[in-house]
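Here's the structure, in C-alpha cells; my notes come after.
Numbering (my numbering), first residue to last: 90 to 537.
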C-alpha cells in the first residue's frame, strides 16, 4: 500500500533552510543530531494535518507544500496567509441569510469582477423573482442589506486570503483520513505538565496520555461491551431456538462442524454464555463436544443447535479477545519481573509478579512501563482508528533493549498506517535499516 502523503515540504524553516520529506515507504526513521529542528518539523506536520493554525503561527517558517497520493496536484500555503483571522461583519451578515450554494455564487462574483457596479448587477440576477430565493424586506433586490455587498467587495483582498486558507485545510480533510498521534519526548511532556501544574491523567488529548486511568477505563469498557454482547446474544439465541422448535428443528453439517472443529474452546464458551450452568452439567456438555460421535447423534440435535449458536456468538467477540491478548503480550515484553495476562474467562487483564502474592496495580508501574502500557492501549485497544504516528526521540527514558523493540512493535500494530520517527539512537532502527535515513539529506539552504 502506498503512503497517503507523497511528500511534505517546509520552506525557510527557522528563516534559512528548506526541508522536503519524501514518503516512499509507509514508515520513515530519520537520524538527527540535536539542534537540527526535528521537533519543530514534527510539530509543523502535526499542526498542519490537524488544522492547528494558532500553533503554526508560533513557528518560524515560510511556506508548506503537501502532495497527497490521492490528489492530482500538491497544495501549498504561505505562513503569511495564516497570520491573522479575517472577521467580516458583511460576510457574516450575508452568509446567515442565504444558502451555501447562493453564498458560493456571491463569492464567485465578488472575486471575479473588478467593478462594483458589475458585482451589484450580477448578484441581483441571483435573486430575480424566478429564482429559488425570494428577497426579504431588508432590501428589495436581495435577502440581505445591499451595503453588505459594498463592504464585501471592499474586503476582497482579505476574503481572497481567507478563502485560500480555508481551501488548503479543506483539501487536507478531503485527502488525509488518518488520525495523527504525536508522541513528543516523554521527559519534555513531564516537564511541561509539571511546570503548568497539570494533572497528567487529565491532560489535553493533543498528545498521548501517560496516565493510567484512561487505560483502566478502556479495559473496563471493553469488558462491559463483551458482557453486554453475551447477554444480547443469549437473548437472540433463545428466540431463534423457540422459532426453530415451533417450525421443526433441524441441524445441518455446518452446525456440527463449528462445534467439532472448535472443541478446545468449549470451556470458554460455556463460562461466557452458560454462567448459570452447574459444574456437573458443564462437565457433561464438555464430554459430549469432545466426542464427535455424540455430536452426530440425532438425540443431541437440540443441544448441538444451541451450542452452535453459542459458538457463533463467541466468535463475534473474538476480535476483542485477540486485541486484549495481543496488548498483554506486547506489554509483557517490556516488563521486568512482571507479567501481564488476559483471562478470557473473567475478561480481565492482570499484572502479576513472582515477588508479590497480590496483583500489581497499573499505577504501581514504573514511568517507562506506563509509557508502554499507555501507548499500546491506544494502538491495540482503540478499534477502528488508523494513525500517522509522529515519534520525537522515542529512545529517551527507554532502556537499550526496549529501544530495539519499540518501533518494530509499533509498526506491527494494525492501527499504524504511517510512521515518522526522529531519533539519534542507533538502537531505535535496529533491524529497520530499510526505513532509515539521515534527516540532513532532506535539507537545502534557502538561497537569498
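Ideal Cβ placement from N, Cα and C applies to all residues, glycine included.
Where residue i sits in the DSSP three-state scheme
| i | result |
| --- | --- |
| residue 420 | helix |
| residue 374 | helix |
| residue 236 | helix |
| residue 161 | coil |
| residue 339 | coil |
| residue 527 | strand |
| residue 291 | Here the model assigns residue 291 a pLDDT of 44, short of 50, so the residue's position is not dependable and the matter cannot be decided. |
| residue 91 | coil |
| residue 328 | helix |
| residue 383 | helix |
| residue 100 | strand |
| residue 187 | coil |
| residue 345 | helix |
| residue 271 | strand |
| residue 319 | helix |
| residue 266 | coil |
| residue 508 | strand |
| residue 389 | helix |
For residue j and residue i, the rounded distance between their alpha carbons
| i | j | result |
| --- | --- | --- |
| residue 223 | residue 233 | Confidence is the limiting factor: at residue 223 the pLDDT is only 48, short of 50, which leaves the residue's position unreliable and the question unanswerable from this model. |
| residue 267 | residue 139 | 10 angstroms |
| residue 271 | residue 450 | 27 angstroms |
| residue 343 | residue 501 | 34 angstroms |
| residue 178 | residue 217 | 25 angstroms |
| residue 91 | residue 157 | 10 angstroms |
| residue 187 | residue 231 | 10 angstroms |
| residue 384 | residue 363 | 18 angstroms |
| residue 482 | residue 249 | 40 angstroms |
| residue 396 | residue 312 | 22 angstroms |
| residue 532 | residue 128 | 15 angstroms |
| residue 513 | residue 123 | 8 angstroms |
| residue 360 | residue 265 | 44 angstroms |
| residue 519 | residue 117 | 13 angstroms |
| residue 402 | residue 337 | 22 angstroms |
| residue 417 | residue 192 | 54 angstroms |
| residue 557 | residue 370 | This structure cannot settle anything about residue 557, because the visible part of the chain is limited to 90 through 537. |
| residue 541 | residue 469 | Past the boundaries of the shown model lies residue 541; the chain is included only from 90 to 537, so the question cannot be answered. |
Whether residue i touches residue j by CB criterion (8 angstroms)
| i | j | result |
| --- | --- | --- |
| residue 511 | residue 528 | yes |
| residue 340 | residue 393 | yes |
| residue 465 | residue 420 | yes |
| residue 543 | residue 133 | The first residue shown for the chain is 90 and the last is 537, placing residue 543 beyond what the model contains. |
| residue 348 | residue 400 | yes |
With a threshold of 8 angstroms, are at least 3 pairs of Cβ atoms found where one atom belongs to the stretch 252 to 262 and the other to the stretch 162 to 170?
yes
Does the stretch 472 to 489 come into contact with the stretch 435 to 452, if we say contact requires no fewer than three beta-carbon pairs (one atom in each stretch) closer than 8 angstroms?
Taking one beta carbon from each stretch, the stretch 472 to 489 and the stretch 435 to 452 have fewer than 3 pairs nearer than 8 angstroms; the two do not touch.
Every unbroken beta strand (DSSP E) within the stretch 413 to 480, with a cutoff of 3 residues, ordered by chain
428 to 432, 437 to 442 and 445 to 449
Quick test of the definition: if touching needs 3 or more C-beta pairs under 8 angstroms, does the stretch 396 to 415 touch the stretch 313 to 323?
yes
Sufficient close CB pairs (3 or more, under 8 angstroms) joining the stretch 137 to 151 to the stretch 111 to 127
no
If we count Cβ pairs, one from each stretch, closer than 8 angstroms, do we get three or more for the stretch 203 to 217 versus the stretch 237 to 253?
yes
Any contact of the stretch 372 to 383 with the stretch 416 to 435, i.e. 3+ C-beta pairs under 8 angstroms?
No: fewer than three Cβ pairs fall under 8 angstroms.
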